[in-house]
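Notes for the one structure printed next.
Numbering (my numbering), first residue to last: 9 to 127.
This is the structure we're talking about:
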């Protein structure tokens with residue numbers, strides 16, 4: 009919940025919402041909820057009393073960096089290590105890459121020849 013409090017602003021889209029959208033915010037009042045029985049300014053928490061999250065610049069997530077590094081290492085060596093160890097897979101992989109290069113080269117050459125022939 010948002011822990012909101014105070015009067016819901018008039019003539020806004022907030023008044024068109026279903027009252028169930030405000031569940032968990034007992035400090036709210038005004039249409040479409042019940043009318044305010046006390047001064048909404050008194051029910052608003054003071055900014056001085058709200059505990060601020062301590063932020064000392066240590067928002068680095070070492071777990072995130074460790075998992076990214078491990079994922080890169082495992083992925084890189086999973087592919088490259090396999091190509092180094094299994095010679096048959098390496099030959100098959102590079103033959104496939106060479107065939108794709110040849111097909112692309114032929115497609116570009118044929119398309120260029122067709123374009124240049126047109127009057």
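Ideal placement from N, C-alpha and C gives every residue a C-beta, glycine not left out.
Where does residue 14 sit, in a helix, a strand or coil, going by DSSP? Looking at residue 14 - three-state DSSP - the assignment turns out to be strand.
Using a threshold of 8 Å, state whether the C-beta atoms of residue 38 and residue 15 are closer than that. yes
Drop a sphere of 10 angstroms on the beta-carbon of residue 36, count the other beta-carbons inside from all chains shown, and report buried for 16 or more, exposed for fewer. buried
Residues of its chain near residue 90, where Cβ-Cβ distance is below 7 Å and the 5 sequence neighbours each way are ignored: 97
Would you report the Cα separation of residue 57 and residue 41, rounded to the nearest angstrom? Reliability of the predicted coordinates at residue 57 is poor, the pLDDT of 49 falling under 50, and the value obtained from them is presented with this limitation in mind. Looking at the two C-alpha atoms, the distance is approximately 27 Å.
May I ask you to list the residues that DSSP assigns as paired with residue 36? 14
Buried versus exposed call for residue 30 [16 or more other C-beta atoms within 10 Å across all chains shown]: buried
Distance, residue 116 Cα to residue 93 Cα: 35 Å
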